[in-house]
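Chemist:
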Amino acid sequence: GAITVRADPKIYRVGPFLIGFTTSFRMGQLLGHSLTVAPRPEGTDVFAFMCTTFIEAVRACFTRGGFARKDGEREWAGTFLVGYMGRIFQIGDDYQVGECAVNFDACGSGEQAALGSLHTTAGMPMRPDVRLERALAAAAEFSMGVRGPFRIEVLDGQIAQRSNEEEVSDV
Numbered sequence: 001g002a003i004t005v006r007a008d009p010k011i012y013r014v015g016p017f018l019i020g021f022t023t024s025f026r027m028g029q030l031l032g033h034s035l036t037v038a039p040r041p042e043g044t045d046v047f048a049f050m051c052t053t054f055i056e057a058v059r060a061c062f063t064r065g066g067f068a069r070k071d072g073e074r075e076w077a078g079t080f081l082v083g084y085m086g087r088i089f090q091i092g093d094d095y096q097v098g099e100c101a102v103n104f105d106a107c108g109s110g111e112q113a114a115l116g117s118l119h120t121t122a123g124m125p126m127r128p129d130v131r132l133e134r135a136l137a138a139a140a141e142f143s144m145g146v147r148g149p150f151r152i153e154v155l156d157g158q159i160a161q162r163s164n165e166e167e168v169s170d171v
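All the letters of the sequence shown, read from the start, carry residue numbers 1 to 171 under UniProt numbering.
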């Protein structure tokens, strides 16, 4: 099949959340431009908030946008990562919320290569953006669905660095 490098991003900042996606650009557009999540009440466990309030907002967003799909009684969507409160969560296509024991994750066709790279650089005296650049390079090397331009962002709201004018394609 054809490969098109798109100008629209695969990572969005939505309030306190940093969201990166795979699966569908329509899903990403809805997450980036239509998702509204109520604030987490003080004292509420972050994981519980993600599993309830956050996922309920995502499901409502996808339903409004015509993206939520049903197979019998099962509702499903796509896979994406959410950075929130210094943690990273993977939202599965069945809306389950996963959090790795290590505080890094990846999704998409380059997931395994990126995770392998992140694992091998864990604990090394290396800036996080350099680790991410290496993980993205590994994903691009071993997955035909991953290519630049890549964009690296951090939760505090600043773009950390743009690497070789590349944007995350499928990681």
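C-beta atoms are modelled at their ideal positions from N, C-alpha and C, and glycine is treated no differently.
Here's a check: name, in chain order, each residue in its chain whose Cβ is nearer than 6 Å to the Cβ of Y95, leaving out the five neighbours to either side.
Modeler: I55
Chemist: Could you tell me the distance, in whole angstroms, from the CA atom of V97 to the CA atom of R59?
Modeler: 13 Å
Chemist: Taking one C-beta from the stretch 77–97 and one from the stretch 10–17 each time, how about it: are there three or more such pairs within less than 8 Å?
Modeler: yes
Chemist: Just to confirm before moving on: does the CB-CB distance between D21 and L31 stay below 8 Å?
Modeler: Per the sequence shown, residue 21 should be read as Phe rather than Asp. For F21 and L31, yes; Cβs fall inside 8 Å.
Chemist: Could you compute how far the alpha carbon of P41 sits from the alpha carbon of I91?
Modeler: Rounded to whole angstroms, P41 to I91 spans 21 Å at the Cα level.
Chemist: If distances are taken between C-alpha atoms only, which option among M144, H33, P9 and A7 comes closest to R111?
Modeler: For the sequence presented, residue 111 should be read as Glu rather than Arg. Comparing Cα-Cα distances from E111 to each of M144, H33, P9 and A7, the minimum goes to M144.
Chemist: Within 10 Å of its beta-carbon, does K10 have 16 or more other beta-carbons around it, so buried, or fewer, so exposed?
Modeler: buried
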